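Engineer: Protein chains in written order, with my numbering: chain Z, 93 to 605; chain D, 17 to 194. Just so it is clear, CB atoms sit at the ideal spot from N, CA and C, and this is done for glycine as well. Everything numeric in this text was worked out from a predicted model, so none of it was measured.
#1: Residues in the same chain with beta-carbon distance under 8 Å from residue 186(D), minus the five sequence neighbours each way, listed in chain order, please.
#2: Which residues mark the beginning and the end of the beta strand (DSSP E) in which residue 167(Z) is found?
#3: Mind checking who residue 285(Z) pairs with in its DSSP beta bridge?
#4: Anything in the region 330-363 of chain Z with a Cβ closer than 7 Å to a Cβ of chain D? List those residues in chain order, please.
#5: In or out: residue 430(Z) buried (at least 16 other Cβ within 10 Å) or exposed?
#6: Please state if the CB of residue 56(D) and the CB of residue 42(D) are separated by a distance shorter than 8 Å.
#7: I want to verify the contact list: residues of chain D whose CB lies under 8 Å from the CB of residue 258(Z), in sequence order.
#8: Using a Cβ cut-off of 7 Å, pull out every chain Z residue sitting near residue 79(D), in sequence order please.
#9: Helix or strand or just coil, what does DSSP make of residue 488(Z)?
#10: Taking just the CA atoms, how far does residue 358(Z) sit from residue 589(Z)?
#11: Cβ of residue 278(Z) less than 8 Å from any chain D Cβ?
#12: Distance check for residue 579(Z) and residue 360(Z), CA to CA, integer angstroms please.
#13: Is the beta carbon of residue 287(Z) sitting closer than 8 Å to the one on residue 587(Z)?
#14: If you measure from the beta carbon of residue 119(D) to each beta carbon in chain Z, is any gap under 8 Å?
#15: So what's residue 153(Z) in DSSP terms, helix, strand or just coil?
#16: For residue 421(Z), does the count of other Cβ atoms within 10 angstroms reach 16, so buried, or fall short, so exposed?
#17: DSSP on residue 413(Z), reduced to helix/strand/coil?
#18: Would you mind reading off the limits of the alpha helix (DSSP H) that contains residue 63(Z)?
#19: Quick one: list the residues of chain D neighbouring residue 225(Z), beta-carbon separation under 8 Å, in chain order.
#20: Going by the CB atoms, is the gap between residue 496(Z) and residue 609(Z) shorter than 8 Å?
#21: Name the chain Z residues that come within less than 7 Å of residue 56(D), Cβ to Cβ?
#22: Closer than 8 Å, Cβ to any Cβ of chain Z: which residues of the region 81-106 of chain D, in chain order?
#23: Examine chain D for any beta-carbon lying closer than 8 Å to the beta-carbon of residue 241(Z), and answer yes or no.
#24: Rounding to the nearest angstrom, what Cα-Cα distance links residue 327(Z) and residue 266(Z) in this structure?
#25: Who are the near neighbours of residue 144(Z) in its chain, counting only those whose CB is closer than 7 Å to its CB and skipping five residues on each side?
#26: For the pair the region 485-500 of chain Z and the region 382-394 of chain Z, tell me if three or more CB-CB distances fall below 8 Å.
#27: If I'm right that residue 174(Z) touches residue 233(Z) with Cβ under 8 Å, what's the distance once you round it to whole angstroms?
#28: My guess is that residue 142(Z) and residue 176(Z) are in contact by the Cβ rule of under 8 Å, so how many angstroms apart are they, rounded?
#29: Exposed or buried, residue 141(D), counting other C-beta atoms within 10 Å across all chains shown (16 or more means buried)?
#30: Using 8 Å as the cut-off, can you tell me whether the region 267-285 of chain Z makes contact with the region 243-257 of chain Z, which would need three or more C-beta pairs spanning the two stretches below that distance?
#31: Ends of the alpha helix (DSSP H) at residue 610(Z)?
#32: What residues in its chain sit with their C-beta under 6 Å from that of residue 321(Z), if we drop five residues either side in the sequence?
#33: Once the 5 residues before and after residue 140(Z) are set aside, which same chain residues still bring their CB inside 8 Å of it?
#34: Rounded C-beta distance between residue 433(Z) and residue 470(Z)? I'm assuming under 8 Å.
#35: At the 8 Å Cβ level, is residue 53(D) part of the contact set with chain Z, yes or no?
#36: At a CB-CB cut-off below 7 Å, which residues of chain D make contact with residue 271(Z)?
This is how it looks when you write it as structure tokens:
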């Protein structure tokens, strides 16, 4: 029995559902059913893929066109894990936003647009994770970016247009860089299929190869918000509606990180730029967290911690060892859940406290003790307090760093510990001001809508689950990292006969399905 | 064998498109940024044509001998990229229009953080120049506004001229008098 049919589901189902939801724009009752149903199917498919790809990667050739010519979708351990986490997160955020729509009437302007756009966003994310073709990754990026443009300017208020402008222009710039990188890659290697590139790139001129690597890294680093290219993030994310910020913070940067992991391991083994990446990781961590410490607005504070913690993942990738990659993958999974959960909680804080400014918030622990717990757990998780998953992820990275043992790796180890402490400081400061500080004025006790607390709590539970399942999950990421390092499982799955050679000769018989 | 050396005309065109695109991208007006993005996108599309090698006949079996076919793959990619650029340009255009609706200009505004730093600088300047004046929040904002103007002088002039003659005139006079 083959499970190939599972692979396209995470892309096809949300896209079809997006069309359906758009057609149903006059039926606000049916739209949520369509979108929740679609995302639930995606989650089930992703979990099934997680199990199925244990033996070997699954490859689906779209339209039956053979691999190097046609576009293929590849699900291996890394992409299956990313898909599972991302679909769990998108489902939780969707449920949260449904509840928010129900309770907020004043902000309910273009709901009919929200569902289709959100579904296109998830389809784009899944497409980027599954794609076995560099150009298809670009298409996936564009899908999720176009959807994110709509979501970040939802409602079209002045502040959102201001923040959205920066976001859109920066995203377009990185897309153009990606296009240029694709053109250079095609000119140099004659293909954009990842597996075929992996076979051909070692043969081309090292200078050109380095150029391709730098161009791709630049494009992905803008998306992932790695330090010198991260300035757009803290300014644009916080103005969007809470669920939108949450899903952006959790997923969109991680798609960039995923693309960096995929290209660095598959296309450019040997780590030509590892030292540069190490320094960038250090700068991202330190600059990001110093920005967070200086913030007064809790949304902006979290955006800065988001930038800072991208540094951890880049650190893991730059180590170029199985242990480093494994820890980086685990850290991505941990960070997606915890960062999204935190932003959802901040949405609740804004609801109860009426503001996100830390100086004006206060006394929330008394008004909303449940909220205090909901904030405290993911905050400590992010800071890396044992035994939570943030601690496990950081521990893995530190161990991998010490194992490598170069002076630069030790510098990074020290940098990560300092960053972790500063994260703790920033979050405890936020906690003290928002929850313990005596409030300026007595606020009326508000009940938290269960529809919003439920998904938030579920997401926090997923984060805690990453701790409980820490052993098996680390085993899984280790196996994922091993197959990334070996590269052969991926290559053999996509191109069982090796590089088929010239494209001109291939053009004649490639059409047979 | 197909000649793989790229056409000089294409390369020069690409260089020109990229140079103009980057220049326009650095402007403050969103419409100019949009034109810059379109130019850059077209430059990247032409780059794909260069990547596909020398021009040949249409790649259809039976029409062109195999050796003289041009490479269809980059052209397919360019088509995809053109469609994507079209959609995103339309969105950017809509944003520029919305910005004009809201603010009567389509300038990319400053980062909140930048404005705050400008505000801090204004506070410092006040403190060193005249210790007696306790700046209120409103006038500090204006100072921050001026601090921004120093970095790009031309940007606000069209806005100011546009505002004259409209209902915002008293505000302008107040700023001038101060």
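Structural biologist: On the basis of the supplied data:
#1: Model confidence at residue 186(D) stands at a pLDDT of 40, short of 50, so the residue's coordinates are unreliable and nothing is read from them.
#2: 164-167
#3: 225(Z)
#4: The region 330-363 of chain Z vs chain D, Cβ under 7 Å: nothing.
#5: buried
#6: Cβ atoms of residue 42(D) and residue 56(D): not closer than 8 Å.
#7: 124 and 127
#8: Those do not exist, as residue 79(D) stays about 13 Å from chain Z at its closest Cβ, beyond 7 Å.
#9: In the structure shown, residue 488(Z) sits in a helix (DSSP, three-state: H, G or I).
#10: 18 Å
#11: yes
#12: Taking the straight line joining both Cα atoms gives about 11 Å.
#13: yes
#14: yes
#15: strand
#16: buried
#17: Assigned with DSSP and collapsed to three states, residue 413(Z) falls in coil, not helix or strand.
#18: Not covered by the structure: residue 63(Z). The range shown for chain Z is 93 to 605.
#19: Listed along the chain, the chain D residues whose CB falls inside 8 Å of the CB of residue 225(Z) amount to none; the nearest CB is some 10 Å away.
#20: Because chain Z here runs from 93 to 605, residue 609(Z) falls outside it and cannot be looked at.
#21: 268
#22: 82, 83, 85, 87, 88, 89, 90, 93, 96, 97, 100, 103 and 104
#23: yes
#24: If you take the alpha carbons of residue 327(Z) and residue 266(Z), they lie about 17 Å apart.
#25: 95, 98 and 150
#26: In short, these stretches do not touch, since the Cβ pair count stays below three.
#27: At roughly 14 Å, the Cβ-Cβ gap does not stay under 8 Å, so residue 174(Z) and residue 233(Z) are not in contact.
#28: 5 Å
#29: exposed
#30: No contact exists between the region 267-285 of chain Z and the region 243-257 of chain Z.
#31: Residue coverage of chain Z in this structure runs from 93 to 605, which leaves residue 610(Z) outside it and unanswerable.
#32: Within the same chain, 313 and 314 come within 6 Å of residue 321(Z) by CB-CB distance, once the 5 residues on both sides are set aside.
#33: 95 and 98
#34: 4 Å
#35: Taking Cβ atoms only, chain Z reaches closer than 8 Å to residue 53(D), which makes this a yes.
#36: 60 and 97
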